[in-house]
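K.L.:
Take this structure, written in structure tokens, and hold onto it; I'll ask about it next.
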Amino acid sequence: MAIQAPHIDTSPELSAAEKTEIQAICGALLYYCIAVDPTGYPAVTALACEQSKPTMNTRSSADRLLAYFQKYPNNELILKACKMRLHQQADGSYLSRSGSRSIAGGISYLSNDDPTEINGAIHVMSSVIPTVMSSIGETEYAACFLTGQHGAGFRQVLHDLGYPQPPTYILTDNKCAEGIANNTIKPKRTKSLEMQYHWLRDRVARNQFIVEWRPGVHNLADFFTKPLPVHTHQAYMELLVQIPPNNTALCAKASRALASRYFKLHTALETRVC
Numbered sequence: 007m008a009i010q011a012p013h014i015d016t017s018p019e020l021s022a023a024e025k026t027e028i029q030a031i032c033g034a035l036l037y038y039c040i041a042v043d044p045t046g047y048p049a050v051t052a053l054a055c056e057q058s059k060p061t062m063n064t065r066s067s068a069d070r071l072l073a074y075f076q077k078y079p080n081n082e083l084i085l086k087a088c089k090m091r092l093h094q095q096a097d098g099s100y101l102s103r104s105g106s107r108s109i110a111g112g113i114s115y116l117s118n119d120d121p122t123e124i125n126g127a128i129h130v131m132s133s134v135i136p137t138v139m140s141s142i143g144e145t146e147y148a149a150c151f152l153t154g155q156h157g158a159g160f161r162q163v164l165h166d167l168g169y170p171q172p173p174t175y176i177l178t179d180n181k182c183a184e185g186i187a188n189n190t191i192k193p194k195r196t197k198s199l200e201m202q203y204h205w206l207r208d209r210v211a212r213n214q215f216i217v218e219w220r221p222g223v224h225n226l227a228d229f230f231t232k233p234l235p236v237h238t239h240q241a242y243m244e245l246l247v248q249i250p251p252n253n254t255a256l257c258a259k260a261s262r263a264l265a266s267r268y269f270k271l272h273t274a275l276e277t278r279v280c
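Its first residue numbered 7, the sequence shown is counted upward by one per residue in my numbering.
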């Protein structure tokens, strides 16, 4: 749990110009992560949570994030031909942000009948759960709910496109969340759980979703809820994107282009302040 605990930032706050710069970085990278490379998405959303009151530590995190995309400038999102069956995976991180906030992560992809057969993501989620959770089980259940809400919309779109959907799998690594969703357990301490989250239980009863447990090591949504060790992050990357072989000349060109854009942005902000 130590790796998930929120960090108390005591470093000095940034100036108004530097704050605007952090917000510009978040906006640009957020679009890129949604459209092309989801491997940076959890880091971008974590940075976005701090952009209203950024500090020197926020500045360091932004620099590290830019360095990450400089190292992997050519990642590609590959969507393979399949039966167009929607599958989802969900995960939660309990009280891992400041203010007693928890994180919900999810990934949606189109594949064949086996929900563990990973294809390119059509949607990823890494967001703060809007209510305060009182346990890990509730956090995981809320993550399944938020993932399922996106899935309900995708199911309708796929149906309208001519791909009617059988029940959609939502894979979770928490048996308590699975039990609450399937109404097979009724722990007394979930009475405080927001009623809105039981929307998922209703959709499971209607046979629109199947919430099923899988071991955590096989849950790809874990990537979107917490910082991971480098070797684990790189292992997950291979499931999310295609990483082309390093091309020294191409990487150098991308690095120069990134540095140029960064310099222009910094110069423009300085001019605006003056």
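The beta-carbon is built from N, C-alpha and C at its ideal position, and this holds for glycine as well.
Checking 9 Å against the spacing of the C-beta atoms, do T153 and G112 come in under that value?
P.N.:
For T153 and G112, yes; Cβs fall inside 9 Å.
K.L.:
Here's a check: name, in chain order, each residue in its chain whose Cβ is nearer than 6 Å to the Cβ of R209, leaving out the five neighbours to either side.
P.N.:
So the qualifying residues of the chain are F215.
K.L.:
Is any beta-carbon of chain C found at less than 9 Å from that of Y175?
P.N.:
This model lacks chain C altogether, as it is built from one protein chain only.
K.L.:
In whole angstroms, give me the CA-to-CA distance for L72 and Y78.
P.N.:
So the alpha carbons of these two residues sit roughly 10 Å apart.
K.L.:
Just to confirm the assignment, what range does the beta strand (DSSP E) spanning Y100 have?
P.N.:
That run of the beta strand (DSSP E) goes R91 to R103.
K.L.:
With the cut-off set at 9 Å, would you say K89 and S66 are in Cβ contact?
P.N.:
No, Cβ-Cβ distance for K89 and S66 is not below 9 Å.
K.L.:
Just mark G199 as buried or exposed, buried being the case when its beta carbon has 16 or more other beta carbons within 10 Å.
P.N.:
Note that residue 199 is Leu in the sequence shown here, rather than Gly. With 16 or more Cβ atoms within 10 Å of its Cβ, L199 is classed as buried.
K.L.:
So, using beta-carbon positions, are G33 and F75 closer together than 9 Å?
P.N.:
No, Cβ-Cβ distance for G33 and F75 is not below 9 Å.
K.L.:
Given N253, which residues of its chain have a CB within under 6 Å of its CB, disregarding the five upstream and five downstream residues?
P.N.:
Residue placement at N253 cannot be trusted, given a pLDDT of 49 that sits under 50; the coordinates are not used to answer.
K.L.:
Specify the secondary structure class of Y169 as computed by DSSP and reduced to three states.
P.N.:
Three-state DSSP puts Y169 in coil, outside helix and strand.
K.L.:
Per the DSSP calculation, M62 is bridged to which residue(s)?
P.N.:
Answer by DSSP bridge pairing: none, since M62 is not bridged.
K.L.:
Quick check on the DSSP output: the beta strand (DSSP E) that includes M131 runs from which residue to which?
P.N.:
Start and end: A127 to V134.
K.L.:
Taking the Cβ atom as the reference point for each residue, do K25 and P60 lie within a distance shorter than 9 Å?
P.N.:
Yes, Cβ-Cβ distance for K25 and P60 is below 9 Å.
K.L.:
Tell me the residue span of the beta strand (DSSP E) that contains Y175.
P.N.:
Looking at the DSSP string, the run of the beta strand (DSSP E) that includes Y175 is T174 to T178.
K.L.:
Do D228 and D179 have their CB atoms nearer than 9 Å?
P.N.:
Taking 9 Å as the Cβ cut-off, D228 and D179 qualify as a contacting pair.
K.L.:
Tell me where the beta strand (DSSP E) around V217 begins and ends.
P.N.:
Here the beta strand (DSSP E) through V217 covers F215 to W219.
K.L.:
Return the first residue and the last residue of the alpha helix (DSSP H) that L36 is part of.
P.N.:
Taken as a continuous stretch (DSSP letters only), the alpha helix (DSSP H) holding L36 covers A22 to A41.
K.L.:
Cα separation between T51 and P235?
P.N.:
Cα to Cα, the separation comes out at about 18 Å.
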